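Going by UniProt numbering, the letters in the sequence shown line up with residues 1 to 450, in that order.
Virtual Cβ for every residue (Gly too), placed ideally from N, Cα, C.
Note that this is a predicted model, so its numbers are computed, not measured.
Scroll down for the structure; my scribbles are underneath it.
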Amino acid sequence: MGVPALFRWLSKKYPKIISSVIDEEENPVDDIPKLVQYSDPNPNGELDNLYLDMNAIVHPCSHPENRPAPETEEEMMIEIFKYTNHVLNLARPRKLLMIAVDGVAPRAKMNQQRSRRFRSAKDAQIAYEEKQRELAEMEARGETIDDAIKGKKSWDSNSITPGTPFMDILAASLKYWVAYKLSTDPGWAQLQVIISDASVPGEGEHKIMNFIRSQRSRPDYDPNVSHCIHGLDADLIFLSLATHEPHFRVLREDVFAKDNNNKHLTTKDRMMMDEETKEKLKNQSQPFIWLHINVLREYLQVELQIPRLPFKYDFERAIDDWVFMCFFVGNDFLPHLPSLDVRDSSIDILIGIWKNLLPKMKTYITCDGKLNLERVEKLLSELATKEDEIFRKRHEDDERREARFRRIDQDREQRRIVQQQLLGVVSKGKDNAPINPSQNMTLTSLNDKQ
């Protein structure tokens with residue numbers, strides 16, 4: 001699930017951490033799609049290890065919002081393989097590929113997942129009732145509706161849960177697909193592949209991080225190995241920073257790309273769509289971007305620097321403290337503090353408090369993944385003194401926003417009233433012609449504003 005608005009905030013505050021992915025499949029030559037060879041040099045730079053948080057692929061492939069959903073589970077598997085193959089052609093890892101599917105979640109997250117699945121079932125019921133209502137309206141207008149459309153039920157997204165038949169099919173399909181690629185694609189010849197399916201407990205991203213830590217503890221580990229993780233969760237940024245690896249990137253879709261195919265399709269849109277349009281939408285893809293963790297580390301190295309500390313500055317421990325403080329703004333396991341919100345620059349507030357307290361504490365809040373609760377208490381006590389100001393400022397911002405929306409609504413209503421009055425005046429002329437040019441010009445300018 002991640003931290004809401006974190007990625008957008010980071011990309012605005014630290015713009016150099018983002019770069020576009022060169023997608024050879026999306027750049028045909030003379031309108032002829034280019035056949036990408038996995039063994040060819042990577043235009044995005046060579047990469048050693050790629051880690052796939054598979055649930056970030058399974059969900060959008062099985063029940064997409066901006067294109068027709070696959071009809072059967074077999075079609076879902078094909079879409080998953082196509083998407084995964086596309087990601088692999090972008091990254092082209094040379095040494096290792098790890099595919100991690102979410103297993104049973106930690107106890108701390110079970111309540112959140114349970115409530116999310118109940119909400120998903122409720123939303124599915126509402127969508128089904130809306131579909132039946134639209135079908136009834138179409139029949140009342142005399143439109144012909146296929147019986148197959150009437151009786152069709154949407155696929156239950158709660159099937160993407162450990163222990164379901166769908167996840168068993170997914171695991172078997174992934175193993176088959178990987179075996180097929182290893183035996184047919186020359187670019188995969190030297191690639192080591194690890195599959196951790198839903199039968200292994202833990203979230204996919206956590207299984208990936210545990211694997212990276214286990215490799216780092218080996219005496220023959222190469223510190224210059226380049227890593228890349230694919231996924232949409234913003235907390236992948238925290239996890240990547242927490243590995244302290246110098247060569248790490250996050251590969252993700254640019255979900256904020258201003259593209260028309262991002263529009264949510266209504267039930268009526270899906271029913272009235274012809275086969276050609278469906279096929280066109282299926283073949284559309286979002287642009288991908290890189291998030292460079294090493295560049296983010298350089299930004300933080302400047303921002304977290306404190307002059308004249310009474311002890312030796314340790315940037316790696318400062319990174320751990322920064323990650324810990326960001327968890328107060330939002331995370332998947334503990335409720336975030338109501339006074340903190342990424343959109344209100346709460347991370348900057350926490351950094352300011354931390355920089356003021358660090359010389360007095362004479363050491364860092366975290367050490368090797370363990371908290372010093374006495375220092376955490378000092379941090380929260382200092383934050384408590386600022387909460388009244390934070391809530392007051394948030395209330396003032398909300399009032400200004402509501403006042404602006406009211407002004408916009410009032411202006412729109414006034415333009416509508418004036419336009420209706422002008423239309424009434426214009427219609428009194430001979431042959432519905434305008435009485436004078438100035439009134440017609442006013443009407444045109446009002447239409448332009450609309």
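Assign residue i to one of three DSSP states: helix, strand, or coil.
| i | result |
| --- | --- |
| residue 123 | helix |
| residue 438 | With a pLDDT of 49 at residue 438, under the threshold of 50, the modelled position of that residue is not reliable, and no figure is offered here. |
| residue 260 | Reliability fails at residue 260, whose pLDDT of 44 lies under 50, so the model's placement of it is uncertain and the value that follows must be treated cautiously. Three-state result, residue 260: helix. |
| residue 445 | Only weak support exists for where residue 445 lies, its pLDDT of 46 falling under 50; the value from the coordinates is given anyway. Helix, per DSSP. |
| residue 173 | helix |
| residue 386 | coil |
| residue 88 | helix |
| residue 164 | coil |
| residue 371 | strand |
| residue 72 | coil |
| residue 366 | strand |
| residue 311 | coil |
| residue 37 | coil |
| residue 200 | coil |
| residue 188 | helix |
| residue 156 | coil |
| residue 376 | helix |
| residue 409 | helix |
| residue 336 | coil |
| residue 402 | helix |
| residue 132 | helix |
| residue 143 | coil |
| residue 305 | coil |
| residue 299 | helix |
| residue 397 | helix |
| residue 83 | helix |
Note the first and the last residue of the continuous alpha helix (DSSP H) segment covering residue i.
| i | result |
| --- | --- |
| residue 290 | No alpha helix (DSSP H) contains residue 290, which is instead part of the beta strand (DSSP E) from 288 to 292. |
| residue 351 | 346 to 361 |
| residue 18 | Counting along the chain, residue 18 falls outside any alpha helix (DSSP H), though it belongs to the beta strand (DSSP E) covering 18 to 20. |
| residue 66 | Looking at the DSSP string, residue 66 is not in any alpha helix (DSSP H), and its letter there is neither H nor E. |
| residue 318 | 315 to 326 |
| residue 205 | 204 to 216 |
| residue 237 | 235 to 242 |
| residue 6 | 6 to 13 |
Which residue from the options puts its Cα closest to that of residue i?
| i | options | result |
| --- | --- | --- |
| residue 203 | 223, 244, 102 and 38 | 102 |
| residue 92 | 354, 206 and 186 | 186 |
| residue 306 | 110, 382, 362 and 296 | 362 |
| residue 196 | 167, 418 and 189 | 167 |
| residue 83 | 237, 64 and 94 | 64 |
| residue 228 | 52, 417 and 422 | 52 |
| residue 98 | 49, 338 and 420 | 49 |
| residue 105 | 140, 157, 161 and 136 | 161 |
| residue 113 | 370, 399, 344 and 332 | 332 |
| residue 317 | 366, 356, 351 and 339 | 366 |
| residue 461 | 326, 142 and 184 | Absent from the model: residue 461. The displayed extent of the chain is 1 to 450, so no value can be given. |
| residue 457 | 16, 126 and 178 | Nothing can be reported for residue 457, as the shown portion of the chain is limited to 1 through 450. |
| residue 66 | 303, 286 and 233 | 286 |
| residue 89 | 42, 60 and 115 | 42 |
| residue 6 | 395, 291, 391 and 420 | 291 |
| residue 175 | 308, 19 and 77 | 77 |
| residue 243 | 251, 205 and 219 | 205 |
| residue 159 | 62, 122, 192 and 189 | 62 |
| residue 350 | 387, 216, 171 and 396 | 387 |
Going by DSSP, what residues sit across from residue i in a beta bridge?
| i | result |
| --- | --- |
| residue 249 | 228 and 292 |
Could you give the residue range of the beta strand (DSSP E) that holds residue i?
| i | result |
| --- | --- |
| residue 100 | 93 to 100 |
| residue 51 | 47 to 53 |
| residue 192 | 192 to 196 |
When burial is assigned at 16 or more other CB atoms within 10 Å of the CB, is residue i buried or exposed?
| i | result |
| --- | --- |
| residue 128 | exposed |
| residue 210 | exposed |
| residue 12 | exposed |
| residue 436 | Note on residue 436: pLDDT 49, under 50, position unreliable in the model; the coordinate value appears next. Exposed, by the Cβ-count rule. |
| residue 70 | buried |
| residue 311 | exposed |
| residue 3 | buried |
| residue 79 | buried |
| residue 389 | exposed |
| residue 58 | buried |
| residue 297 | buried |
| residue 245 | buried |
| residue 235 | buried |
| residue 380 | exposed |
| residue 364 | buried |
| residue 262 | Summary for residue 262: the model assigns pLDDT 46, below 50, so the residue's position carries little reliability; its value from the coordinates is reported in the next sentence. Exposed. |
| residue 55 | buried |
| residue 321 | buried |
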